[in-house]
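Chemist: Residue numbers (our numbering): 20 to 139.
Beta carbons: idealized from backbone N, C-alpha and C, even for Gly.
Source: prediction; values computed, not measured.
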Amino acid sequence: MERKRLIIEMGMGIDQHGQEPTIAAARAVRNAIAHNALPGVWEVAGLSDPNDMIVEVQIAVPYPEQVREEEVLAVLPFGKKTLTVEFGGMVVQGRAIESLNDKNDEMLIAIAAVTVLIEK
């Protein structure tokens, strides 16, 4: 079957304390999908079940090998989900605060692209 893209959403997420790339990545995905509605999935594409849409997530984040895939994809409420993680994003010097369990003074910034496709 041929896949058709319906929408591409972009987002950014930051973990200011704790230095967790998974948290930054999940926040980037949440930011990407935060202000959308997808009536075209039903009204144009004709899907009857939102879990029939395909959702491909691409994340660029520092320390990509530390990202826990299932936690990032759990942000998405529907769809057949896949995740690709690559090195990117940004590390910005912040301030380490011991009571917030900081390991160092890094703030991790992730960017995400979330693509919704259907099979035709």
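#1: At a cut of 8 Å, does the stretch 50 to 67 reach the stretch 118 to 128 through at least three beta carbon pairs?
#2: Rounded to whole angstroms, what's the CA-CA distance from K100 to V48? Just pull it up for me.
#3: What do you reckon, are the CB atoms on R24 and T103 nearer than 9 Å?
#4: Quick check: the Cα distance between I42 and M20, rounded to an integer number of angstroms?
#5: Hey, out of G37, M72, R46 and A51, whose CA is closest to P58's CA?
Modeler: This is what the structure gives:
#1: Not touching, per the Cβ criterion.
#2: 12 Å
#3: With a cutoff of 9 Å on beta-carbon distance, R24 and T103 are scored as not near each other.
#4: 35 Å
#5: M72
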